[in-house]
Amino acid sequence: MILRRISGAVTQKRLGVVLAALLCAALWPTPQQLYADDYVVRTCSEAELDAAMAAANNPDNPQGTITFACTGTNRITVTAPKIIRGRITIDGGNTLVLSGGTTSQVFVVASDASLALRNITLEQAQGGANHGGAISVGENGSLALVGSRIRQSRVDDAHAGGAIYSYRGNLLIESSELRGNTAGYGGAVATDGGTLAISDTLIIDNLARSGDGGGVQAWSATTTLTFTRLEENRGGGGGGMSIRGGSATILGGWSLKNRSFNSGGGMYLWGGGTLNVDSYLLSGNRAQAGQGGGLYIANGSATIAHSNIQTNDATTSGGGLSSASGRTLVRDSLMSGNTASLDGGGISIGGGSASVERSALLQNKATSGLGGGIHSTASMTLTNLLLQANQAKSGGGLAVSSSPTRLINVSVVDNLAATSGGGIFSDALVAANFTSRNGVFARNLPQSCAGKLSSAGPGYNIVDDTTCSGALTGTADNHGLAVAFVDAPFTVLGSTLQVPQLASLGLDTIPAASCPTSDIRSVTRPQGAACDAGAVEAEAVVPLTPTPSPSPTPPPTSATPTPAPRKVYLPLSQQ
Numbered sequence: 002m003i004l005r006r007i008s009g010a011v012t013q014k015r016l017g018v019v020l021a022a023l024l025c026a027a028l029w030p031t032p033q034q035l036y037a038d039d040y041v042v043r044t045c046s047e048a049e050l051d052a053a054m055a056a057a058n059n060p061d062n063p064q065g066t067i068t069f070a071c072t073g074t075n076r077i078t079v080t081a082p083k084i085i086r087g088r089i090t091i092d093g094g095n096t097l098v099l100s101g102g103t104t105s106q107v108f109v110v111a112s113d114a115s116l117a118l119r120n121i122t123l124e125q126a127q128g129g130a131n132h133g134g135a136i137s138v139g140e141n142g143s144l145a146l147v148g149s150r151i152r153q154s155r156v157d158d159a160h161a162g163g164a165i166y167s168y169r170g171n172l173l174i175e176s177s178e179l180r181g182n183t184a185g186y187g188g189a190v191a192t193d194g195g196t197l198a199i200s201d202t203l204i205i206d207n208l209a210r211s212g213d214g215g216g217v218q219a220w221s222a223t224t225t226l227t228f229t230r231l232e233e234n235r236g237g238g239g240g241g242m243s244i245r246g247g248s249a250t251i252l253g254g255w256s257l258k259n260r261s262f263n264s265g266g267g268m269y270l271w272g273g274g275t276l277n278v279d280s281y282l283l284s285g286n287r288a289q290a291g292q293g294g295g296l297y298i299a300n301g302s303a304t305i306a307h308s309n310i311q312t313n314d315a316t317t318s319g320g321g322l323s324s325a326s327g328r329t330l331v332r333d334s335l336m337s338g339n340t341a342s343l344d345g346g347g348i349s350i351g352g353g354s355a356s357v358e359r360s361a362l363l364q365n366k367a368t369s370g371l372g373g374g375i376h377s378t379a380s381m382t383l384t385n386l387l388l389q390a391n392q393a394k395s396g397g398g399l400a401v402s403s404s405p406t407r408l409i410n411v412s413v414v415d416n417l418a419a420t421s422g423g424g425i426f427s428d429a430l431v432a433a434n435f436t437s438r439n440g441v442f443a444r445n446l447p448q449s450c451a452g453k454l455s456s457a458g459p460g461y462n463i464v465d466d467t468t469c470s471g472a473l474t475g476t477a478d479n480h481g482l483a484v485a486f487v488d489a490p491f492t493v494l495g496s497t498l499q500v501p502q503l504a505s506l507g508l509d510t511i512p513a514a515s516c517p518t519s520d521i522r523s524v525t526r527p528q529g530a531a532c533d534a535g536a537v538e539a540e541a542v543v544p545l546t547p548t549p550s551p552s553p554t555p556p557p558t559s560a561t562p563t564p565a566p567r568k569v570y571l572p573l574s575q576q
């Protein structure tokens, strides 16, 4: 009821009627209206909330705002979902809790309606045999969840979105937390079409019991995650997140300690979707019975840039990343400490095509299979890549099969194989399918090369043993040489590590036309008269001019010693 100002003269009889009406209004829980479309709920009962929403849902007041000034409890348990048909904002002031009492959804946003929830907690909601444990959004509906929390809400195993479900709607989640929710699919959030934008939000400890997306499931949607954290979620495919079709852009944040019951411990891409990831951390994720401890690409196009994929684990292949089909590009990134029980400790490429450039794979392990750093049976190009200290049964650094593989300025150093090919192992049927140009192969055990491979035209490869001599036979290939290195800094996501740069041999030996335009750190090639072999280009030495003595009397003429050269290494490009 909206209270109206009583003005003008009234008769005594009419005054009695008005007073009686006012008395009834005082006894019935009614929200107080501040302005034309603002309502304050004071007793915090479900009845008063219903009255406020009924007024706000009125077509004459389509932009209602509801706030709370509870004098008693700050918790309301709803017995039936609140239907949103207009445009409503509800602000809980960071004190209000709306509970479903384990029996009811809290909100249903109808088609074309809009709900904004601010500074509020929803918990123990139950969607049952409906999608959306706490909130469901209809076609063209909109939900904005800002500075809020949804906890311990659920739907049954046949339905999606333990906290939120949207069908072709528009979801915005900002500065919020989704914790401990459960569904069949999309433990916290599930969207079928529409848009999904999540920023500065923690999605933690959610469960998809029978399907994909322990934290988030996005089907045929336009999805954006910005500085969002996916932690300790569990699901069938994509412990942290599952993307089916549509497009997803992820900038900043991390996927940490998520677990997939099948493939894609951190993330799972399928259905021909497109995934772009930048400045992201995938760490400690596990594919419990499948591929891709950090990320699994079943089918689609994925680009990973300026990111760190570390200490992930897969029980089959691709400890860090596995791609079965589609196109995969990894650039300006670091993959370290990942483990696969079978093939591809760092990366496994089983189909489609892949490119890895200006990146480092360090200390990855294929426990009983091929390719400690990378294993590929598909078309692949590696450019300005460092493979160092990786381990496998065969192909400690890299193992490839019959599909075309090109190596350009790749450094394969300090890798270990239990049987053969400490550096690289190729079981290609045709040697020309595996080519290397401007590579460095050194300190690999038991040997640098095993299997069939060849040089790409003028090879300019440098090898510290003779195991590649029967394969790398191009112009200027050098075998059995004493290769020495110095350290050069390499920076990813603000962390700097030291990578091996040739000390002398192999410097300024490759024509500029035969090398990439930059090195692993995006330092321009060449720095000297010609390019260097391997992933790291030694930067040009800039002589320092000695500072003149401040003394007005010039010293006796003598030879001035030349100062020691100083090199400044650039961090990894953030372009």
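For the sequence shown, counting from 1, position 379 maps to 380 in this note's numbering; every step adds exactly one. Glycine included, C-beta positions come from ideal geometry on N, C-alpha and C. Owing to the predicted nature of the structure, the values given are computational and were not obtained by experimental measurement.
Exercise. Which ranges does the beta strand (DSSP E) cover as unbroken runs of at least 3 residues, wholly within the stretch 262-310, from first to last along the chain?
Worked result: 268-271, 274-279, 282-284, 296-298 and 301-306
Exercise. If we ignore side chains and look at the alpha-carbon of each, how far apart do G321 and A81 end up?
Worked result: Numbered from its first residue, the sequence shown carries residue 321 at position 320. Numbered from its first residue, the sequence shown carries residue 81 at position 80. Between G321 and A81, the C-alpha separation is close to 45 Å.
Problem set entry | Where V278 falls, given that 16 or more other Cβ within 10 Å makes a residue buried | Translated into the one-based positions of the sequence shown, residue 278 becomes position 277. V278 is buried by the Cβ-count criterion.
Exercise. My guess is that H307 and S349 are in contact by the Cβ rule of under 8 Å, so how many angstroms apart are they, rounded?
Worked result: Here residue 307 refers to the residue found at position 306 when the sequence shown is read from its first residue. Here residue 349 refers to the residue found at position 348 when the sequence shown is read from its first residue. The pair is not a contact, with the Cβ atoms about 22 Å apart (cut-off 8 Å).
Problem set entry | Under 9 Å between C-beta atoms of V411 and G440 | In the sequence shown, counting from the first residue as 1, residue 411 sits at position 410. In the sequence shown, counting from the first residue as 1, residue 440 sits at position 439. In this structure, G440 lies closer than 9 Å to V411 by Cβ.
Problem set entry | Residues near I631 by beta carbon distance below 6 Å, same chain, minus five either side | Because the chain here runs from 2 to 576, residue 631 falls outside it and cannot be looked at.
For this session: Could you have a look at Q125 and say whether DSSP puts it in helix, strand or coil?
Result: Counted from its first residue, the sequence shown places residue 125 at position 124. In the structure shown, Q125 sits in coil (DSSP, three-state: anything other than H, G, I, E or B).
Exercise. Residue ranges of each beta strand (DSSP E) run of no fewer than 3 residues wholly in the stretch 71-131, ordered along the chain?
Worked result: 76-78, 83-85, 88-92, 98-100, 108-110, 115-119, 122-124 and 127-129
For this session: Would you list the one or two residues that DSSP bridges to I425?
Result: Position 424 of the sequence shown holds residue 425. According to DSSP, which records beta bridges pairwise, I425 is partnered with L399 and C450.
Exercise. Is A55 helix, strand or coil when you go by DSSP?
Worked result: On the sequence shown, residue 55 is found 54 positions in, with the first residue counted as 1. The answer is helix: DSSP assigns A55 an H, G or I state.
Exercise. Among R169, A111, G102 and G93, which has the Cα closest to the Cα of L146?
Worked result: The residue given as residue 146 occupies position 145 in the sequence shown. Looking at the Cα atoms, G93 is the closest of the given residues.
Exercise. Do the CB positions of R155 and T196 come within less than 9 Å of each other?
Worked result: By one-based count along the sequence shown, residue 155 stands at place 154. By one-based count along the sequence shown, residue 196 stands at place 195. Cβ atoms of R155 and T196: not closer than 9 Å.
Exercise. Would a C-beta distance cut-off of 9 Å place L270 and G327 closer than the cut-off?
Worked result: Residue 270 sits at position 269 when you count from the first residue of the sequence shown. Residue 327 sits at position 326 when you count from the first residue of the sequence shown. Contact: yes.
Problem set entry | Euclidean distance between Cα positions of S221 and R287 | For this step, residue 221 is matched to residue 220 along the sequence shown. For this step, residue 287 is matched to residue 286 along the sequence shown. Each residue's Cα considered, the two are about 25 Å apart.
For this session: Let me know if S395 comes out buried or exposed under the rule of 16 or more other beta-carbons within 10 Å of its beta-carbon.
Result: Looking up residue 395 in the sequence shown gives position 394. Per the 10 Å Cβ criterion, buried.
For this session: Report yes if the CB atom of A385 is closer than 9 Å to the CB atom of G374, and no otherwise.
Result: As a position in the sequence shown, residue 385 is number 384, starting the count at 1. As a position in the sequence shown, residue 374 is number 373, starting the count at 1. According to the sequence provided, residue 385 is Asn. The question's Ala does not apply to it. Result no, Cβ atoms of N385 and G374 do not sit closer than 9 Å.
Exercise. Where does N95 land, buried or exposed, given buried means 16+ other C-beta within 10 angstroms?
Worked result: Within the sequence shown, the letter at position 94 stands for residue 95. Its Cβ having fewer than 16 others within 10 Å, N95 is exposed.
For this session: Helix, strand or coil for L506, going by three-state DSSP, please let me know.
Result: Residue mapping note: residue 506 aligns to position 505 of the sequence shown, counting from 1. In this structure, L506 counts as coil in the three-state DSSP scheme.
Exercise. What is the rounded straight-line gap between the Cα of N263 and the Cα of Y186?
Worked result: Working through the sequence shown from its first residue, we reach residue 263 at position 262. Working through the sequence shown from its first residue, we reach residue 186 at position 185. Each residue's alpha carbon lies about 14 Å from the other.
Exercise. In terms of residues, what are the limits of the beta strand (DSSP E) holding P527?
Worked result: The residue given as residue 527 occupies position 526 in the sequence shown. Premise fails: P527 is in no beta strand (DSSP E) and is neither H nor E.
Problem set entry | Cβ neighbour criterion (16 or more within 10 Å) applied to D158 | The residue labelled residue 158 in the question sits at position 157 within the sequence shown. When all chains shown are included, D158 counts as exposed.
For this session: Quick one: residues in its chain with C-beta nearer than 6 Å to the C-beta of A117, no 5 flanking neighbours on either side, listed in chain order?
Result: The residue labelled residue 117 in the question sits at position 116 within the sequence shown. Contacts found: T90 and A145.
Exercise. Any idea what DSSP makes of A514, helix, strand or coil?
Worked result: Here residue 514 refers to the residue found at position 513 when the sequence shown is read from its first residue. The answer is helix: DSSP assigns A514 an H, G or I state.
For this session: Please classify N434: does DSSP put it in a helix, a strand, or coil?
Result: Numbered from its first residue, the sequence shown carries residue 434 at position 433. N434: helix per DSSP, three-state reduction.
For this session: Round the Cβ separation of I77 and E47 to the nearest angstrom and send it over; I've been treating them as touching at under 8 Å.
Result: In the sequence shown, residue 77 corresponds to position 76, counting from 1. In the sequence shown, residue 47 corresponds to position 46, counting from 1. Between E47 and I77 the Cβ distance is about 6 Å, and since that is below 8 Å, they are a contact.
For this session: Grab me the residues of T420's own chain with a C-beta within less than 7 Å of its C-beta, minus the 5 sequence neighbours each way, in chain order.
Result: Against the sequence shown, residue 420 aligns to sequence position 419. For T420, where only same-chain residues beyond five positions count, the Cβ hits under 7 Å are K394 and S395.
Exercise. In three-state terms, what does DSSP make of E358?
Worked result: Mapped onto the sequence shown, residue 358 falls at position 357. Looking at E358 - three-state DSSP - the assignment turns out to be strand.
For this session: State buried or exposed for P527, treating a residue as buried only when at least 16 other CB atoms are found within 10 Å of its CB.
Result: Taking the first residue of the sequence shown as 1, we reach residue 527 at position 526. Result: buried.
For this session: Determine the contact status of V414 and A443, defining contact as a CB-CB distance below 9 Å.
Result: The sequence position of residue 414 within the sequence shown is 413, counting from 1. The sequence position of residue 443 within the sequence shown is 442, counting from 1. Yes, the pair counts as a contact, with Cβ atoms nearer than the cut-off.
Problem set entry | Residue from A367, G372 and S404 whose Cα sits closest to the Cα of T382 | In the sequence shown, the residue the question calls residue 382 occupies position 381. With distances taken between Cα atoms, T382 lies closest to S404.
Problem set entry | Residue nearest to G134 in terms of C-alpha spacing, selected from T74, S167 and I121 | Taking the sequence shown and counting its residues from 1, one reaches residue 134 at position 133. Looking at the Cα atoms, S167 is the closest of the given residues.
Exercise. For the beta strand (DSSP E) that contains T168, what are its first and last residues?
Worked result: Along the sequence shown, one-based indexing puts residue 168 at 167. The amino acid at residue 168 is misidentified as Thr; the sequence shows Tyr. Unbroken beta strand (DSSP E) run through Y168: I165 to Y168.
Problem set entry | Cβ shell of D113 (< 6 Å), same chain only, five flanking positions each side left out | Numbered from its first residue, the sequence shown carries residue 113 at position 112. Correct list, in chain order: N141.
Problem set entry | Buried or exposed (CB count within 10 angstroms, at least 16 for buried), P501 | As a position in the sequence shown, residue 501 is number 500, starting the count at 1. The residue is buried, with at least 16 neighbouring Cβ atoms inside 10 Å.
Exercise. Roughly how many angstroms separate the alpha carbons of A513 and L172, rounded to a whole number?
Worked result: For the purposes of this step, residue 513 is taken as residue 512 along the sequence shown, with counting starting at 1. For the purposes of this step, residue 172 is taken as residue 171 along the sequence shown, with counting starting at 1. Answer to the nearest angstrom: the Cα atoms are 51 Å apart.
Problem set entry | Sequence-distant residues of its chain with Cβ nearer than 6 Å to S449 (five each side left out) | Translated into the one-based positions of the sequence shown, residue 449 becomes position 448. Cβ within range, chain order: G424, F442, V464, D466, T468 and C469.
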